[in-house]
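Visitor: Here the protein sequences come in this chain order: F and W.
Taking this note's numbering, I'd label the letters of the first sequence as residues 307 to 422.
Taking this note's numbering, I'd label the letters of the second sequence as residues 4 to 134.
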Amino acid sequence: MPTKKIPVGAHYGWQDWLAQRVTAIIMVLFSIVIIGFFMIKGGANYGDWKELFRSQLFRILALLFFLSVYYHAWIGIKDVLMDYIKPAGLRISLQVLVLLLLLACSIWSVTIIWGT
Amino acid sequence: MPSPQPVPRQRPKYYDLNLLHLPMPGLVSIFQRITGVVMFLFLIPAVLYVLQCTLGSETGFNSWKAIFSEPIVKLIVLGFVWSYLHHLFAGIRYLLLDIHIGTSLQPARASAKVVLVLGLIGTLLVGVRIW
Chain F
307 MPTKKIPVGA HYGWQDWLAQ RVTAIIMVLF SIVIIGFFMI KGGANYGDWK ELFRSQLFRI
367 LALLFFLSVY YHAWIGIKDV LMDYIKPAGL RISLQVLVLL LLLACSIWSV TIIWGT
Chain W
4 MPSPQPVPRQ RPKYYDLNLL HLPMPGLVSI FQRITGVVMF LFLIPAVLYV LQCTLGSETG
64 FNSWKAIFSE PIVKLIVLGF VWSYLHHLFA GIRYLLLDIH IGTSLQPARA SAKVVLVLGL
124 IGTLLVGVRI W
């Protein structure tokens with residue numbers, strides 16, 4: 307049975323490309339919400355600040371923002387490492403380190419948003 | 004008589020690594036890369052730490068409010084604000100380029116200039132607001 311031969315690449319590059327843009331748009335939208343909050347509230351006090359994070363909707367939006375940041379950062383930093391760090395062993399080690407740091411940040415974000 | 008050694012042709016070398024000599028789109032691009040790395044290394048942990056302290060207790064909130072009123076801290080904040088805004092505006096420029104807006108030379112140079120100016124104006128506005 308003839309199969310269609312894919313001439314180049316593993317075709318996973320477009321996933322990073324798309325994810326970089328989707329996460330960017332989520333971050334822009336959330337930034338507008340946050341800027342709006344500070345424009346309306348001005349110098350926020352502790353009560354306002356806690357009140358904002360008591361809303362379940364805001365918590366979910368905030369986590370969505372942070373996860374977007376981490377995914378976006380992962381793609382960006384991975385590209386930077388691939389461009390500048392030539393020895394494969396060092397590059398892969400650094401990539402694993404970055405990935406672990408960002409996973410840790412994800413867990414930390416959940417504990418901050420729901421725990422405090 | 005030995006044959007003369009072939010003289011390697013002298014090729015012109017011109018490695019212009021000075022950022023100030025980059026064309027505008029190149030400047031926007033390298034700044035986006037630098038701001039991205041800086042934000043990954045410093046802004047992400049700083050934001051999480053401050054968020055944890057300010058949400059944790061009223062004492063934590065007030066002590067960070069005091070820290071943020073220090074001029075030197077305000078300068079650091081403005082540095083991060085510029086990083087964030089430049090990265091954001093440069094990113095929007097790339098989204099427009101993705102959908103084939105402004106891809107020819109002159110508009111690409113003009114939009115790069117707009118990105119640099121918007122980042123600086125935005126930082127200036129935040130600076131006025133927090134001072």
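Beta carbons are placed, not taken as given, at the ideal position from N, Cα and C, and that holds for glycine.
How would you list, in chain order, the residues of chain F whose beta-carbon sits under 9 angstroms from the beta-carbon of Val40 of chain W?
Guide: One-based indexing of the second sequence puts residue 40 of chain W at position 37. Within 9 angstroms Cβ-Cβ: Gly382, Ile383 and Val386.
Visitor: Check for me: the alpha helix (DSSP H) holding Phe344 of chain F runs from which residue to which?
Guide: Residue numbering aside, residue 344 of chain F sits at position 38 when the first sequence is read from its first letter. Segment Gly319 to Lys347, the alpha helix (DSSP H) holding Phe344 of chain F.
Visitor: Does Gly94 of chain W pass the burial test, meaning 16 or more other C-beta atoms within 10 Å, or should it be called exposed?
Guide: The residue you call residue 94 of chain W lines up with position 91 of the second sequence. Buried, because 16 or more other Cβ atoms sit within 10 Å of the Cβ of Gly94 of chain W.
Visitor: Helix, strand or coil: which one does DSSP assign to Lys310 of chain F?
Guide: Against the first sequence, residue 310 of chain F aligns to sequence position 4. Reduced to three states, the DSSP call for Lys310 of chain F is coil.
Visitor: Grab the span of the alpha helix (DSSP H) containing Gly29 of chain W for me, first residue to last.
Guide: The residue given as residue 29 of chain W occupies position 26 in the second sequence. Where Gly29 of chain W is concerned, the enclosing alpha helix (DSSP H) stretches over Met27 to Val41.
Visitor: Would you call the CB atoms of Leu373 of chain F and Phe364 of chain F closer than 8 angstroms?
Guide: The residue given as residue 373 of chain F occupies position 67 in the first sequence. The residue given as residue 364 of chain F occupies position 58 in the first sequence. Not closer than 8 angstroms, so no.
Visitor: Between which two residues does the alpha helix (DSSP H) carrying Glu73 of chain W extend?
Guide: Locating residue 73 of chain W in the second sequence gives position 70, counting from the first residue. From DSSP, Glu73 of chain W is part of no alpha helix (DSSP H); its letter is neither H nor E.
Visitor: Can we say the region 408-420 of chain F touches the region 47-54 of chain W, given the rule of at least three CB pairs closer than 8 angstroms?
Guide: In short, these stretches touch, since the Cβ pair count reaches three.
Visitor: Is the region 116-123 of chain W touching the region 84-93 of chain W in the sense that three or more CB pairs, one from each, lie closer than 8 angstroms?
Guide: Yes, since at least three Cβ pairs between the region 84-93 of chain W and the region 116-123 of chain W fall closer than 8 angstroms, the two stretches touch.
Visitor: Does any C-beta atom of chain W lie closer than 8 angstroms to the C-beta of Val375 of chain F?
Guide: Locating residue 375 of chain F in the first sequence gives position 69, counting from the first residue. Chain W, which has a Cβ nearer than 8 angstroms to the Cβ of Val375 of chain F, makes this yes.
Visitor: In angstroms with no decimal places, state the Cα-to-Cα distance between Leu88 of chain W and Gly125 of chain W.
Guide: Stepping through the second sequence from its first residue, residue 88 of chain W is reached at position 85. Stepping through the second sequence from its first residue, residue 125 of chain W is reached at position 122. Spanning the two alpha carbons is a distance of roughly 7 angstroms.
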